[in-house]
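Accompanying notes for the structure given below.
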Amino acid sequence: MVTVTVTAKFHNPSLSRRKEWQHATRLYRDTKQFCIDGWENDDFGKSVTTASIDNDLYSAIQNQAIREAKADHNKDGEVRYRESQPFAVNNQNWELDTTENGTVVVGFPCVSQWWYTPIEVYDDIADPVDRLLEGDADKSRLQVYRRGDDWYCTFNIEYDADTSGETPIGVDIGERHILAVTAYGEDESILVSGSEAKYVRRKYRSLRDSLSQAGALRARNRVGDKEQRRIKDLNHKLSRRLITFAEQFENPVIRMEDLEGIRENSSWSGVHSWHFHQLQQFITYKAERTGIRVEKVDAYHTSQRCSECGSMGTRDGDHFSCSECGRGRHADLNASENIAQREGEPCTG
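Numbering (the working numbering), first residue to last: 120 to 468.
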């Protein structure tokens, strides 16, 4: 099963549409906040329905808002939505269609009516969109949101595909080497040291500690923002490098391990604040924009097993050795080869 995230720009929506959509984003936020406040104040139980929602959103959108609020509340406890929220419709209550001249339109309910609006179909999403139009794929919920002066929609498309002839790209993300990547069967790899990331962490941690001791809390917060920007920039560069590497092979599929395993098992004290998840998101997003499938695989023993024979081996620093077959390999590249060989589940950003 292949999962592709489609993000498309609406083509010249009318002023009345844009005004109604903007109104819907505010109503969506208010609906979610109404649910959160009600649960926090014990005004009603988690079984709240649209009968309790007093606004003009279509019931399908109200239901989706309730589901999202419930998920946010279960995960984070008390929540405050300070900005307008992208409004969403479940997969059964929106549709993709074409006009007589072949223009692709998205139809969905909002406040006053259903809107059918053209979207811009660029090359990277043309194939999955065609599959959905032809009835050969399934779709997920639809989200509609504003970015600057433009309006966009995003949704997932799932379909069966022939995976023969693919080139598995195994990606190991870790502390000593932030990226270890292997194109399985192609004898090509990438190994990127984690020293820059660790330097950034140490530098800004030291600055925060000094400013905290001096009582300069506002300056301390600015330092935290600078650190986040440095980390984000590094993650963008790393993800772009990986996608460029993968694109040189025929039918690449990127496979990454479940990062929760890294967080739980690492002895590095900074691992819980390191943005492994952000790096994975950037890789997934950029891969899907270029038409590369991404899978998440089981992380169990990827670092302990020999990628050649499957036996348990020994790691000494950066070196992995296998007593069964005699193979020696860089430990993180051995892990990336194990990841490349495992079948995974679709991973979306």
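We put the CB at the ideal spot given by N, CA and C, even for glycine. Note that the structure is predicted; figures quoted are calculated from it, not measured.
Exercise. If we ignore side chains and look at the alpha-carbon of each, how far apart do residue 415 and residue 363 end up?
Worked result: 20 angstroms
For this session: Closer than 6 angstroms by C-beta to residue 388: which residues in its own chain qualify, once you throw out the five before and the five after it? Chain order, please.
Result: Summary for residue 388: the model assigns pLDDT 48, below 50, so the residue's position carries little reliability; its value from the coordinates is reported in the next sentence. Counting only Cβ-Cβ distances below 6 angstroms, and skipping sequence neighbours, we find nothing.
Exercise. Mind checking whether residue 454 and residue 306 have CB atoms under 7 angstroms apart?
Worked result: no
For this session: Could you tell me whether the segment 142 to 152 touches the segment 197 to 216, using the rule of 3 or more Cβ pairs below 8 angstroms?
Result: yes
Exercise. Is residue 441 buried or exposed, if buried means 16 or more other CB atoms sit within 10 Å of its CB?
Worked result: buried
Exercise. Residue 420 by DSSP, collapsed to three states: which one?
Worked result: coil
Problem set entry | DSSP-derived helix/strand/coil call for residue 362 | helix
Problem set entry | Uninterrupted beta strand (DSSP E) stretches inside the segment 176 to 211 (no shorter than 3 residues) | 206 to 208
Exercise. In terms of residues, what are the limits of the alpha helix (DSSP H) holding residue 135?
Worked result: 134 to 159
For this session: May I have the straight-line CA-CA distance separating residue 443 from residue 426, to the nearest angstrom?
Result: 12 angstroms
Problem set entry | Minimum length 4: unbroken alpha helix (DSSP H) runs contained in the segment 417 to 463 | 450 to 460
Exercise. Based on Cα-Cα distance, which residue from 298, 436, 126 lies nearest to residue 265?
Worked result: 126
For this session: Round the Cβ separation of residue 284 and residue 369 to the nearest angstrom and send it over; I've been treating them as touching at under 8 angstroms.
Result: 7 angstroms
Problem set entry | Coarse secondary structure for residue 395, derived from DSSP in three states | helix
For this session: Tell me, please, whether the segment 181 to 192 touches the segment 150 to 160 by the rule of three or more beta-carbon pairs shorter than 8 angstroms.
Result: yes
Exercise. For residue 72, does the count of other Cβ atoms within 10 angstroms reach 16, so buried, or fall short, so exposed?
Worked result: What is shown of the chain runs 120 to 468, which leaves residue 72 out entirely.
Exercise. Is residue 296 buried or exposed, if buried means 16 or more other CB atoms sit within 10 Å of its CB?
Worked result: buried
Exercise. Relative to the C-alpha of residue 232, which residue among 354, 212, 244 is closest?
Worked result: 212
For this session: Please name the residue in 220, 159, 176 whose C-alpha comes closest to that of residue 191.
Result: 159
Exercise. To the nearest angstrom, how far is it from the Cα of residue 141 to the Cα of residue 246?
Worked result: 30 angstroms
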